[in-house]
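Take the sequence shown: its position 184, counting from 1, is numbered 184 in the UniProt record's numbering, and each next residue is one higher.
We put the CB at the ideal spot given by N, CA and C, even for glycine.
What follows is a short report on a single structure.
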Amino acid sequence: MKSSNRIKPVTIWRLSGKEVNRVKKYICMLLTCLVISSSLVVGAGILTPAVAEAASSVTYTVTADTLNVRSGSSTKSKVIGSVKKGTKLTVQKKESNGWYKITFKGKTGYVSGAYVKTTTSATMTTYTVTADTLNVRSGSNTKSKVIGSVKKGTKLTVQKKESNGWYKIDFKGKTGYVSGTYVKATSTNSSSKQSIVDTVNNMKTLGNAQQLILVTSANSSSKTAAIRTFEKSKGKWKQVDSMTGVLGKKGMTDKMSEGSQASPTGKYTIGTAFGRGANPGTKLPYRKITNDDVWVDDPASSLYNTWQKASKNNGRWKSAEKMNIPEYDLGFVINYNTKNPVAGKGSAIFFHVAGKYGYTAGCTATSKSNVTTVLKWLNPDKNPVIIQTPDSGLGKY
Numbered sequence: 001m002k003s004s005n006r007i008k009p010v011t012i013w014r015l016s017g018k019e020v021n022r023v024k025k026y027i028c029m030l031l032t033c034l035v036i037s038s039s040l041v042v043g044a045g046i047l048t049p050a051v052a053e054a055a056s057s058v059t060y061t062v063t064a065d066t067l068n069v070r071s072g073s074s075t076k077s078k079v080i081g082s083v084k085k086g087t088k089l090t091v092q093k094k095e096s097n098g099w100y101k102i103t104f105k106g107k108t109g110y111v112s113g114a115y116v117k118t119t120t121s122a123t124m125t126t127y128t129v130t131a132d133t134l135n136v137r138s139g140s141n142t143k144s145k146v147i148g149s150v151k152k153g154t155k156l157t158v159q160k161k162e163s164n165g166w167y168k169i170d171f172k173g174k175t176g177y178v179s180g181t182y183v184k185a186t187s188t189n190s191s192s193k194q195s196i197v198d199t200v201n202n203m204k205t206l207g208n209a210q211q212l213i214l215v216t217s218a219n220s221s222s223k224t225a226a227i228r229t230f231e232k233s234k235g236k237w238k239q240v241d242s243m244t245g246v247l248g249k250k251g252m253t254d255k256m257s258e259g260s261q262a263s264p265t266g267k268y269t270i271g272t273a274f275g276r277g278a279n280p281g282t283k284l285p286y287r288k289i290t291n292d293d294v295w296v297d298d299p300a301s302s303l304y305n306t307w308q309k310a311s312k313n314n315g316r317w318k319s320a321e322k323m324n325i326p327e328y329d330l331g332f333v334i335n336y337n338t339k340n341p342v343a344g345k346g347s348a349i350f351f352h353v354a355g356k357y358g359y360t361a362g363c364t365a366t367s368k369s370n371v372t373t374v375l376k377w378l379n380p381d382k383n384p385v386i387i388q389t390p391d392s393g394l395g396k397y
């Protein structure tokens, strides 16, 4: 009987010196390809090192005395347990209806977002010029054209750090580049509530405002925002609330134009509140949206950047945005380019309910429950304003 484990004979090939060299060459080529392929995956570009960005983290805390955890994202779903007030939740994702998908005792559960408070923690980096005069150039090297300069102590609005150490910055409404050798980057953790409160108390542009909505992002290209509300009492600003939100698809910009898909940086007053239902309890002037309501976004129209009734103004514009959409369930007008509007400078800039895409066309958005909270808090008698800026631009205000 023959064994199935019998060792089979192996043929051994003898290679000439030339053949050995050829095999070595092929092995080297293969290893080189593997190294390059690895670099492509890790660096997200051919041998280009990744640049770290400031990241935001969010803590989710239960605000109800007892919050039911359900098998699905609705009150009709089965209750599978509960969590107590103050519990920190492990959130997997936020559903489109405002509920949170969470990890609960090793399984998946769902809780209503109406009883969950979000607290944002982010690292804020300030970029300060250290040279007496620093040239701003059209590209990220000393051979590029000088387009201007900045003085020592200037706080820069940085878009990103290039692989060679230069910074891509916002400069007089355009993009410029400065050598990182002459820029000091100082990072502070804004998860410390007091640090951001100190920043607000040191702001010089708030005038007679007693309420502030501060919208910040890690950099000018980020679509994610930290939204904080503050109120002034007895001469001091105190933080009221914090939440996460989304910005324009292309982040923030200080040079707005129609269709830019970026949210405008700057300080603005608060306009009319709106919604598709009854007034949620805001003290702001409130206007209920109907199917006839549009916002004119045609720069050639004399009604550019205004709210109009379509049926009464037929033919007075070539383009207008319909207001009766889910994202405008609740919101308010950010008074950007609303007084004596400049054609083409951007229109329909709102604070509204976030949609499903993770960004907006140029507005600022958050969950419906958050929008409701903000609307109920806002008081026109307290001259509320909204400031929108990347973290690096906070020093301008």
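Taking Asn68 as the centre and dropping the five residues before and after it, the same chain places the C-beta of Val79 and Ser82 closer than 6 Å to its C-beta, in chain order.
Every beta strand (DSSP E) stretch that sits fully inside the segment 273-337 and reaches 3 residues is listed by chain position as 286-288, 293-296, 307-309, 320-322 and 330-334.
Taking each of Thr186, Ser220, Leu89 and Tyr286 in turn and checking the Cα distance to Thr389, the smallest one comes out for Ser220.
Looking at Val146, Gly139, Ser140 and Phe274, the one whose alpha-carbon comes closest to that of Thr133 is Val146. One alpha carbon belongs to Gly139, the other to Ala354, and they sit about 36 Å apart. With respect to Met256, Tyr336 sits close: the two C-beta atoms are nearer than 9 Å. Under the rule that a run must span 3 or more residues, the beta strand (DSSP E) segments found entirely inside the UniProt domain "SH3b" (124-187) read 133-137, 146-151, 155-161, 167-171 and 174-178. Taking 9 Å as the cut-off, the beta carbon of Lys238 is found closer than this to the beta carbon of Val197.
Contact check for Tyr115 against Val62 passes: the beta carbons are separated by less than 9 Å. Between the segment 358-365 and the segment 99-113 there are fewer than three C-beta pairs closer than 8 Å, too few to call the two in contact. Secondary structure of Leu247 (DSSP, three-state): coil. Between Thr265 and the set Lys172, Lys234, Met243 and Lys94, the nearest pair of CA atoms involves Lys172. Inclusion of Asp241 and Thr224 in the CB contact set at 9 Å is not warranted, their separation being larger than that value.
Following the DSSP letters along the chain, one finds Lys93 inside the beta strand (DSSP E) bounded by residues Val91 to Lys94. Residue range Thr66 to Arg70 is occupied by the beta strand (DSSP E) that includes Asn68.
Leaving aside the five residues that flank Ser144 on each side, the residues in its chain whose CB is nearer than 6 Å to its CB run, in chain order, Arg137 and Ser138. Short of 8 Å from the beta carbon of Trp295, and not among the five residues preceding or following it, lie these beta carbons of its own chain, in chain order: Asn305, Thr306, Trp307, Gln308, Ala320, Glu321, Met323, Ser347 and Ala348.
Here the C-alpha atom of Gly207 lies approximately 21 Å from the C-alpha atom of Ile227. Under the three-state reduction of DSSP output, Val353 falls in the strand class.
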